[in-house]
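A short worksheet on the structure shown next.
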Amino acid sequence: MKCPFCNKDDTRVVDSRPVDDNSSIRRRRMCDACGKRFTTYEKVETIPLIVIKKDQNREQYDRRKIENGVIRACYKRPISAQQITAVVDQIETLVFSREEREVSSEVIGEIVMDQLKELDPVAYVRFASVYREFKDVNTFMDELKKLLK
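Heads up, the sequence shown is in our numbering, so the first residue is 7 and it goes up one at a time.
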């Protein structure tokens, strides 16, 4: 690491500690050449994930969209904010563990439905009815029958 004061490469780490959210590390460094101290932050570099929508448009992955969908599906259900956050974290882990730069919205939707099915059957059916665009009561009943099996 180059010293920002004298531009020499002779620096060493004096102290390391995680930042409040545990997503990066704060390092205090000291330059062996000039003796000055400075701080650096180290963070894991993530590959931006692109979502391929149904109409083949591409957009950057946005966690808030999944959160909003799960929150709407869980509306007035006995599900805590912690449970919702945990489900969204699990969904995000499953999506990113695929290690693909592009993922279709259908894949994400199926992952969300699988996680909601385990969390709450009513939330699952609510999400599925919007996601799968149920056109009539028969389609809705077919999904309920699958759930009951």
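Idealized CB from N, CA, C, for every residue including glycine. Treat the numbers as computed from the prediction; the structure is a model and nothing was measured.
- Task: On the DSSP bridge assignment, give the partners of residue 56 in chain order.
- Result: 66, 108
- Same chain only: Cβ atoms within 8 Å of residue 72, ignoring 5 sequence neighbours per side: Closer than 8 Å at Cβ, skipping near neighbours: 94, 97, 98, 114, 118.
- Item | Contact check, residue 136 vs residue 150, beta carbons under 9 Å | no
- When you compare only the Cα positions, how much space is there between residue 69 and residue 15? 39 Å
- Task: May I have the straight-line CA-CA distance separating residue 76 from residue 21, to the nearest angstrom?
- Result: Those two C-alpha atoms are separated by around 41 Å.
- Item | CB of residue 101 within 9 Å of CB of residue 58, strictly | no
- When 35, 85, 28, 116 are compared against residue 129, the one with the closest alpha-carbon: 85
- Could you work out which residue in 48, 152, 64 is closest to residue 24 when comparing CA atoms only? 48
- Query: Cβ atoms of residue 43 and residue 32: under 9 Å apart, would you say?
  - Reply: no
- Query: Taking just the CA atoms, how far does residue 7 sit from residue 19?
  - Reply: For residue 19 and residue 7, the distance between alpha carbons rounds to 10 Å.
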